[in-house]
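See below for the structure under consideration.
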Ligand code: ADP
Ligand code: MG
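Residue numbers (my numbering): 100 to 495.
Laid out in C-alpha cells, this is it:
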C-alpha cells in the first residue's frame, strides 16, 4: 500500500549519499548521565538501516534550549559516546565550525552527530540561511523525530522543502499508529482523557467529541465536569470558571452522538499524601473537606465494559493522582483491561503523554498496548486534530 508520506522505501540507491536525519536526542540528564535512553533507542531502526545501506549518516538534533547561542553546556559532544553504545556502532561528532570538511572525510556507512541545531537562532525561526547551512551538508533529508514535528523549525520542517524528504522508521511507525487510532479507526472508538486540568486539554476534548463514540473523562478534569453538573466536589482540584465550557463540550458530544462517561463513584481523602485514610463514595457524597483523587471501582468496572465493546482506544491522561498510592488504582486497572483486550486482538490501543506513559509503565502494560507515543507536545497537538508542520512536509 502506498503511504501518504514518503519513507525509507522510497529513497532508492543511497550508497555514498549524505543523508541528514533529524532525530530527537533530547534525553533527560542528571549529573552528566542519561537517566532514560528511550529516545536514543528509538533511533536505532532508521540509523542502522541507513548505515547498512551505505549512506553517510548525519544526525541533526537539538539539545536543551540554548536560544541561538553556542552554549557549551548544551553541546551534543558528550552524548556521542553513550549514543554510540546504544547504537552498537561508532559515532563521530561534527562541530559546526569546519563541518563541511569533517563531513567530506566520512565514508559510506559512517554515522556522525552534528552539533546542537539550536546553536543557530535561525533553527527555531526556520530561517532560510540556516536551512541552507544544514542543506549544504547533505543530499537527502529524513525526519525521524515525531516528537519535534509540531514545530516548524529549520531542521524539522524547512529542510523537507529544500532536499528530497522522507519519514524515518520511528516516524513511520508513529504516523501509522496514529492513523489507525484516529485517522481511519475501526469503530466503536473510545477516548480516555484524564490528567489534571480541563484548561490544558480543551482543544483535545473539543476535537474528540466529534470523532469518537465514547469519551471517558477521568482525573482532575472530571471534577470540573462534575461540578458543572451540580456535584459538590469539596476541596478537589477543579476549574469552576470553566463550568460553561464543560457544559458546551457535553452539549456538543450529545449532538455528535458521542457518549460521555463521567465517574459516578470516586475515591476521596482529606489529605493528599501516600496512603491516607480514604473513602469510596458516590460523587454526590463528597464531603466539603474531601478531595477526589481517583475514580471509583464501580466506574472502572463499567468503563472496562465499554472498552470490551470498542475496537479502538486512544488514551491521554491518568484517571487519578497516580503518582501517590493508592490513587493509581483506577488507572492501573483500566490500563490492564485495555492491554488484555489488545493482546486478545479485539482492541487497537494507542496512548501518549508524559504522565500517561509513566502510568502505563507503572502498570507494567506499556508493551502490551498497540502503540505508546513518547512524544508529549506533538502527541497532544495531534489529538487536537492539528496538522503538524514536520509531518505535513513529508506528504507525497
Ligand atoms: P499527560 O502528561 O499524560 O498529558 P497530564 O499532565 O495532563 O497528563 O496529567 C497528569 C497529572 O494529573 C498527574 O500529575 C496526576 O497526578 C494529575 N491528576 C490526575 N487526577 C487527579 C486528581 N483527581 N486530582 C489531582 N491531580 C490529578
Ligand atoms: Mg503531564
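All C-beta atoms, glycine included, are put in the ideal place defined by N, C-alpha and C.
- It is roughly 15 angstroms from the alpha-carbon of residue 313 to the alpha-carbon of residue 482.
- Uninterrupted beta strand (DSSP E) stretches at least 3 residues long and entirely within the region 123-209 occur at 155-159, 191-193, given in chain order.
- Sorting 392, 290, 367, 310 by C-alpha distance to the C-alpha of residue 356 places 310 at the top.
- Per DSSP, the unbroken beta strand (DSSP E) holding residue 119 starts and ends at 117-121.
- DSSP, read as helix, strand or coil, puts residue 383 in helix.
- Straight through space, the alpha carbons of residue 472 and residue 400 are spaced by roughly 26 angstroms.
- DSSP places residue 493 outside both helix and strand once states are collapsed to three, so it counts as coil.
- Proximity to residue 163 across 126, 224, 307 peaks at 126, based on C-alpha coordinates.
- Contact between residue 328 and residue 243 does not hold, since their C-beta atoms are separated by about 45 angstroms, which reaches or exceeds 8 angstroms.
- Scanning the region 391-438 from its first residue to its last, the whole beta strand (DSSP E) runs of 3-plus residues come out as 411-415.
- Apart from sequence neighbours up to five positions away, the residues of its chain that approach residue 229 with a beta-carbon distance below 7 angstroms are 219, 221, 222, 253, ordered along the chain.
- In the displayed model, residue 286 falls within coil according to three-state DSSP, outside both helix and strand.
- For the pair residue 174 and residue 112, the CB atoms are not nearer than the 8 angstroms cut-off.
- Ordered along the chain, residues surrounding ligand 2 are 453, 454 [Cβ under 5 angstroms from any heavy atom].
- At least 8 angstroms separates the beta-carbon of residue 406 from that of residue 361.
- At least one heavy atom of ligand 1 lies closer than 7 angstroms to the C-beta of residue 421.
- Between the C-alpha atoms of residue 416 and residue 429 there is a straight-line separation of about 12 angstroms.
- In the DSSP assignment, residue 364 is bridged to 381.
- Counting only the Cα atoms, residue 485 lies some 27 angstroms from residue 239.
- Counting the other Cβ atoms within 10 Å of the Cβ of residue 371 gives fewer than 16, which makes it exposed.
- In this structure, 224 is the residue among 224, 288, 135, 273 with its C-alpha nearest to the C-alpha of residue 258.
- In this structure, residue 459 has its CB at a distance of at least 7 angstroms from all heavy atoms of ligand 1.
- Taking the Cα positions, residue 255 is about 45 angstroms away from residue 374.
- Residue burial annotation: residue 322 is buried, with at least 16 other C-beta atoms found within 10 angstroms of its C-beta.
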